[in-house]
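If you read the sequence shown in UniProt numbering, its first letter stands for residue 1, the second for the next number, and so on. See below for the structure under consideration.
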Amino acid sequence: MSSNSSSTRSSSVSSSTSLTWQTRLQGECTRLGYTPPRYEMFSDRRGGRTAWSSTVEVNGKTYHARYWYDGSYANNAKEDAAEVALQKLGIVPTPRSPYQPPSRYGTLQ
1 MSSNSSSTRS SSVSSSTSLT WQTRLQGECT RLGYTPPRYE MFSDRRGGRT AWSSTVEVNG
61 KTYHARYWYD GSYANNAKED AAEVALQKLG IVPTPRSPYQ PPSRYGTLQ
């Protein structure tokens, strides 16, 4: 019985994670006739830990991940780079910054 529930759980997890940024970028590259995206990982020793980031090359242009990630979340660096590439290619919208100029908050006294 427990093996049944775990297989159900894993199938629902895999279906909910099937549309990662990397998967979407791969699909768009195929649709546009580009070569498959090429990822490269980078590490940086910070204190006692290693941080990871990534770039992805799409159609001859390189896109950089915005952030550095702990080793156990290194795949998030690829996800970040893929999301940036999709935004720069105009396939997904770039989120607006939550920052608003101080003038919108009223005047300081």
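Using N, Cα and C, we set each Cβ at its ideal position, and we do this for glycine too.
query                                                                      : result
R96, DSSP secondary structure in three states                              : coil
Under the three-state DSSP convention, the category S62 falls into         : Here residue 62 is Thr; the residue named in the question, Ser, does not match the sequence. DSSP places T62 in strand when its eight states are reduced to three.
For Q22 and E79, believed in contact at Cβ under 8 Å, the rounded distance : 6 Å
Y63 vs A85 beta-carbon contact at 9 Å                                      : yes
Limits of the alpha helix (DSSP H) - the one that T30 falls within         : W21 to L32
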